[in-house]
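Worksheet: one structure, shown below.
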Amino acid sequence: MPASRTSTDTNTAPNNGAAATNRPARTPRLLVSAAAVTLTALALTACQNGTGTKDEGAATTSASVTADPSAGGTGKAQDQSSATGGQATGGKSGGGNGGAAQSGGGKSGSGTGSGSGKGASGTSASDKRALCNGSNTKVTVQTVSRPLNHMLITVENTGSKTCDLTYYPVLRFDEMQWAPTAMKDTQPQAVVTLAPGESGYAGALLSAADGSGEGGQTGHRLTVAFQGLTPNSSGGASAVPTLPAKGVYYDSSLTVTYWQQNMADALDS
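If you count by this note's numbering, then the sequence shown holds residues 230 to 498, one letter each, in order.
Right, here's the structure in full:
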């Protein structure tokens with residue numbers, strides 16, 4: 230019996246020693262657990278106060294829970310940029326969405342436009358032209374030495390519109406009762422047209438050089454009539470140019486040319 234008790238005591242003693250040895254190890258575990266709780270509490274507090282590190286990407290391994298005083302933010306870290314590409318309004322700028330955001334539509338332009346301007350009027354070219362006559366021209370006459378027995382009639386357009394000299398001038402000295410005929414071979418290909426300031430011409434053979442003409446006399450007054458758009462129709466006001474003081478001698482040979490664009494053609498008859 231005594232031997233059995235001794236064995237029991239011997240086996241019991243080491244167990245008590247082991248228990249005594251293992252019991253102090255609980256204190257570090259409790260400290261680690263307490264530290265973890267403290268770290269967790271600090272991390273939660275930092276996240277709520279906005280001073281902790283914010284994880285925005287893949288899982289980070291940073292265990293720092295101390296707020297960075299250089300961040301300068303007073304609220305939540307601003308990682309939201311204005312849609313129009315502005316700057317972050319507080320704290321550090323967020324990543325990824327900063328920069329200038331371009332409008333997807335680009336420049337827009339109006340599809341319609343307005344223009345002002347006068348179009349071509351419906352009037353024809355003939356509506357802008359006039360007939361040359363005594364009201365819009367200045368008529369002068371002069372006798373020339375060559376060709377012999379010839380007189381030059383000059384018509385200058387003094388109006389503001391282009392005018393047409395149609396056919397040939399109808400001459401009448403004093404109270405003459407007949408009208409001189411026109412030289413058919415002097416008819417131009419086109420109607421003579423005078424712009425403002427331009428001149429047209431006609432020539433008159435006053436008398437026959439060989440004296441074959443009849444009824445010769447001296448005229449002191451000359452009337453120059455203008456024709457219209459048809460032969461022998463009225464073209465408007467007549468002109469009464471000044472004659473030389475001694476008058477102009479003529480006979481039954483008196484003839485005239487058609488209106489010409491240049492002087493040479495008027496005298497070459």
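Even for Gly, the Cβ is constructed at its ideal location relative to N, Cα and C. In this text the structure is predicted, and so the values were computed from the model without any measurement.
- For V384, the closest C-alpha among the options L360, D403, Q406 is that of L360.
- By the Cβ rule, the stretch 477-496 counts as touching the stretch 406-421, because three or more pairs are nearer than 8 Å.
- If you draw a 10 Å sphere on the C-beta of A419, you find fewer than 16 other C-beta atoms in it, and that means exposed.
- With a threshold of 16 other beta carbon atoms within 10 Å, L394 meets it and is buried.
- DSSP places A438 in the coil class of the three-state scheme, outside both helix and strand.
- Selection L381, T422, L377, T459 evaluated against T369 yields L381 as nearest (Cα-Cα).
- Within the same chain, Cβ atoms closer than 8 Å to the Cβ of S462 are found at Q456, the five residues on either side in sequence being excluded.
- Straight-line spacing of the CA atoms in A437 and G426 works out to 34 Å.
- In this structure, the beta-carbon distance from T486 to G432 falls below 8 Å.
- For the beta strand (DSSP E) assignment, the uninterrupted runs of no fewer than 3 residues enclosed by the stretch 351-389 are, from N- to C-terminal side, 366-373, 379-386.
- Looking only at A466, E443, Q446, the smallest Cα-Cα distance to V453 is reached by A466.
- Of the residues assessed, W407 falls on the exposed side of the cut-off, its CB having fewer than 16 other CB atoms within 10 angstroms.
- By the C-beta density criterion, P460 is exposed, having fewer than 16 other C-beta atoms within 10 angstroms.
- Restricted to the stretch 425-470, the beta strand (DSSP E) segments that are unbroken, complete and at least 3 residues in length are 428-434, 446-448, 451-454, listed in chain order.
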